[in-house]
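The structure under discussion appears below in the form of structure tokens.
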Amino acid sequence: MKEKLNKAKECIKENKKRSAGIAVAVLLIIGATGIGLAGVNSVNVSKDADKVTAEKDTSKKTVKKGSDSKKTSDSDKKKKEAASDQEKKADDAKAENDSVAADQKKADDGKQTAENNSVTSTSNAGASNQADSSSSSSGGGSSQESSHTHSCTIPVYGTEQKWVVDQSALTETFNEPIYEMQERSICNVCGADITGNTAAHAKEHALAGEGGGHHSEWIQVQTGTNTYTIEHPEQGHWESYSVVTGYRCSCGYAQ
């Protein structure tokens with residue numbers, strides 16, 4: 012009986028050992044499986060992360076390319092606008108230069124007259140100021156002598172128009188003869204015009220032993236003269252001359 016109990020205990024111990032070994036093996040298998048799954052998940056997660064990163068980089072490049080293209084388009088537009096502005100400024104500058112040149116030409120044409128008018132105005136103003144100063148000094152009771160002596164040696168020029176004759180006046184006289192057709196008596200012997208003297212002329216030929224007779228002819232005869240004249244007026248042109256109209260001092264005083 013005791014032997015059987017001992018055998019039963021030994022069997023139970025052996026079964027416990029086997030069960031423990033199986034449990035350990037099962038645990039090891041489960042652990043290995045978990046580690047493998049974790050590694051696979053880790054690889055998949057890493058691949059997904061790389062894929063997302065790649066997609067983000069692609070998106071960024073696309074956005075960057077779009078931005079660069081827009082910047083290029085804006086830059087080209089600005090360049091075109093700048094070129095257009097430059098052309099417009101050049102045209103405006105040219106028009107302004109033409110206007111300035113025309114104004115300068117007009118100013119040069121009237122420069123001499125303007126200078127003379129300015130000198131005359133300055134002279135009158137100087138004389139007026141001097142008279143006012145002299146009057147003010149006399150009114151204040153102080154007789155101050157001028158320290159400046161006028162020296163009117165600077166010529167003042169003006170413009171004078173002069174008529175230049177190109178052709179003097181001329182009167183032409185013409186005599187035009189007046190003709191009319193008249194019937195005349197012509198001698199048959201000598202061919203002389205014997206109008207109004209036919210009988211006496213025929214007698215002279217008869218006494219000379221010559222033939223006689225006459226005939227009539229219509230011929231052009233001057234009966235007068237038509238005299239007329241044609242008047243040709245004087246022809247010429249005006250010329251401008253610069254003449255000295257006076258003299259002035261360096262202070263503006265003019266004689």
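Here the sequence shown stands for residues 12 to 266, where the numbers follow this note's numbering.
Quick reminder that beta carbons are idealized off the backbone N, C-alpha and C, glycines included.
Query: What does a CB cutoff of less than 7 Å around Ala180 pick up in its chain, not counting 5 residues either side in sequence?; Result: His243, Pro244 and Glu245
Query: Helix or strand or just coil, what does DSSP make of Glu107?; Result: helix
Query: For Ala93, is the classification buried or exposed, using 16 other Cβ atoms within 10 angstroms of its Cβ as the cut-off for buried?; Result: exposed
Query: Could you have a look at Gln97 and say whether DSSP puts it in helix, strand or coil?; Result: helix
Query: Could you check whether Ser95 and Gln172 sit closer than 8 Å to each other, using their CB atoms as the reference points?; Result: no
Query: For a test of the three-state rule: what should DSSP assign to Gln332, helix, strand or coil?; Result: Lying outside 12 to 266, the shown extent of the chain, residue 332 is not represented and no answer is given.
Query: Is it right to say Ile230 is buried, meaning 16 or more other beta carbons lie within 10 angstroms of its own, or is it exposed?; Result: exposed
Query: Compare the C-alpha of Gln233 against each of Cys262, Tyr190 and Ala101 and name the closest.; Result: Tyr190
Query: Give the DSSP-derived three-state secondary structure of Ser86 in the structure shown.; Result: helix
Query: Is Glu250 helix, strand or coil when you go by DSSP?; Result: strand
Query: Return yes when the Cβ of His226 is within less than 8 Å of the Cβ of Ile197, no when it is not.; Result: yes
Query: Locate the beta strand (DSSP E) running through Glu187, then write down its first and last residues.; Result: Leu181 to Cys198
Query: By how many angstroms is the C-alpha of Ile241 removed from the C-alpha of Gln193?; Result: 32 Å
Query: Assuming Thr256 and Thr184 are in contact, meaning their beta carbons sit under 8 Å apart, how far apart are those beta carbons, in whole angstroms?; Result: That belief does not hold up - the Cβ atoms of Thr256 and Thr184 are roughly 46 Å apart, past 8 Å.
Query: If we count the other Cβ atoms within 10 Å of its Cβ and call it buried at 16 or more, is His212 buried or exposed?; Result: buried
Query: What separation, rounded to the nearest whole angstrom, lies between the Cα atoms of Tyr168 and Gln115?; Result: 22 Å
Query: Which residue from Lys89, Cys201, Thr170 and Gly247 puts its Cα closest to that of Gly223?; Result: Cys201
Query: What residues in its chain sit with their C-beta under 7 Å from that of Glu228, if we drop five residues either side in the sequence?; Result: Arg195 and Ile197
Query: Going by beta carbon distance, what residues of the same chain come within less than 8 Å of Thr11, once the five residues before and after it are set aside?; Result: Given a span of 12 to 266 for the chain in the structure shown, any question on residue 11 remains unanswerable.
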